[in-house]
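Enquirer: With the sequence shown counted from 1, adding 1133 to any position gets you my numbering. Take this structure, written in C-alpha cells, and hold onto it; I'll ask about it next.
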Amino acid sequence: MDMNAFRLDGKVALVTGASYGIGFAIASAMAEAGATIVFNDIKQELVDKGVAAYAEKGIKAHGYVCDVTNEDAVNETVAKIEAEVGVVDILVNNAGIIKRIPMLEMSAKDFRQVIDVDLNAPFIVAKAVIPGMIKKGAGKIINICSMMSELGRETVSAYAAAKGGLKMLTKNIASEYGQYNIQCNGIGPGYIATPQTAPLREIQPDGSKHPFDQFILAKTPANRWGEASDLGGPAVFLASAASDFVNGHILYVDGGILAYIGKQP
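Put into C-alpha cells, the structure is as follows:
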C-alpha cells in the first residue's frame, strides 16, 4: 500500500471552532500530514489566541472571525478563504455547544440555540464549501458527531437531538454528493480529557475518583478517558485519499463504550 495516500500535502483544511480543544488537535494533526490550516472562531480574541497556539507548534494557521450560524457571514468568509488561501478541500464541522439542562427545565430558546450551532451550522458551512469541491472534482467533509448521535442520557436532550440529526445530515451529504467524488463522514468522540471536563476528573478530598470519572471508566473497555490527540489519526484518515471509498460512515472514537454493555454489578 502507498502510505502517501494518508498525506494531505497541498490541501486546504477548514476546521470550524478550532482555536483550542478537539478542533485544535484535529487541525494540528492535519497540519503534520501536510495540510494548510484555516479555522474560525466567533471572537477576534479567540482567533488571535488560536493563531498563537498554532505558531507555538510551528504551524502557520489562517484564522477568521465568523459566526457559523450566520449564513451570510459564512458565505463571505468562505469566499475570502478561497481568495486568500485557496479552495477548501477538507471541511471539519467541529464548532459546537452543549447545554446540560433537564428537558422540563430547558427553554425552547436554549434548545433552538444548541440545534442552531450543532446542526444548522454544519449544514450552512457544508453548503458554502461544496460548490468549490464540485468544481475541483473532490472534497472531504468530516462532521464531529458524538456518542449522543446514538445514545441519550439525562440533561442533554438538545445536544442528542442535534448530534443525531448531524449523523443523518452526514449520510445525506454522502448520498447527494458522492457522485462528485465528495466523501462526507463523521467522527463520534467518546469522553475526551479536555480543560472543560477536568472538574469531572478531579480527585475528591477523600482520595477517591470523582463519581462521574468512575462511571466513565466503568463504561469504557479502554479504562481511560480519550485524549484530543486520539482523534488526529481518524481525522487524517477521513481527510485523505486513503478513505476515498468510505462515505456516509460515522467512526466512533470512544474506547469501546458503544460496544460494551458494562460491568456486572
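Note that CB positions come from ideal geometry on N, CA and C, so glycine has one too. It should be emphasised that the depicted structure is a prediction, and the values quoted were computed from it without experimental measurement.
For Ile1222 and Asn1314, I'd like the C-alpha separation in whole angstroms.
Expert: For clarity, residue 1222 is Asp in the given sequence; the question names Ile instead. Cα to Cα, Asp1222 sits roughly 11 Å from Asn1314.
Enquirer: Distance check for Gly1265 and His1382, CA to CA, integer angstroms please.
Expert: Approximately 22 Å, taken between the alpha carbons.
Enquirer: Rounded to the nearest angstrom, what separates Ala1144 and Ala1168 at their Cα positions?
Expert: Sequence check: residue 1144 is Lys here, not Ala. Going by the C-alpha atoms only, they are around 5 Å apart.
Enquirer: Just the Cα atoms here: how many angstroms apart are Thr1353 and Ser1341?
Expert: The straight-line gap from Cα to Cα measures roughly 18 Å.
Enquirer: Assuming Ile1320 and Ala1368 form a contact by the criterion Cβ under 8 Å, report the distance between their Cβ atoms to the nearest whole angstrom.
Expert: About 6 Å separates the two Cβ atoms, so the contact holds.
Enquirer: Tell me whether Glu1287 sits in a helix, a strand or coil according to DSSP, three-state version.
Expert: Glu1287 falls in the coil class under three-state DSSP.
Enquirer: Under DSSP, the beta strand (DSSP E) around Ala1146 begins and ends at which residues?
Expert: Counting along the chain, the beta strand (DSSP E) containing Ala1146 begins and ends at Val1145 to Thr1149.
Enquirer: With distances taken between CB atoms, is the gap from Asn1226 to Pro1255 smaller than 8 Å?
Expert: Contact flag set, yes.
Enquirer: For Pro1354, does the three-state DSSP call read helix, strand or coil?
Expert: Three-state DSSP puts Pro1354 in coil, outside helix and strand.
Enquirer: Based on DSSP bridge pairs, tell me the residues matched to Cys1317.
Expert: Its beta-bridge partners are Ile1274.
Enquirer: Can you give the Cα-Cα distance for Lys1260 and Leu1284, rounded to whole angstroms?
Expert: Computed Cα separation, rounded: 27 Å.
Enquirer: Name the residue from Asp1251, Ser1362 and Cys1199 whose alpha carbon lies nearest to the alpha carbon of Val1386.
Expert: Ranking Asp1251, Ser1362 and Cys1199 by Cα distance to Val1386 puts Ser1362 first.
Enquirer: Determine, using beta carbons only, whether Ser1152 comes closer than 8 Å to chain C.
Expert: In the structure shown, chain C cannot be found, because there is only a single protein chain.
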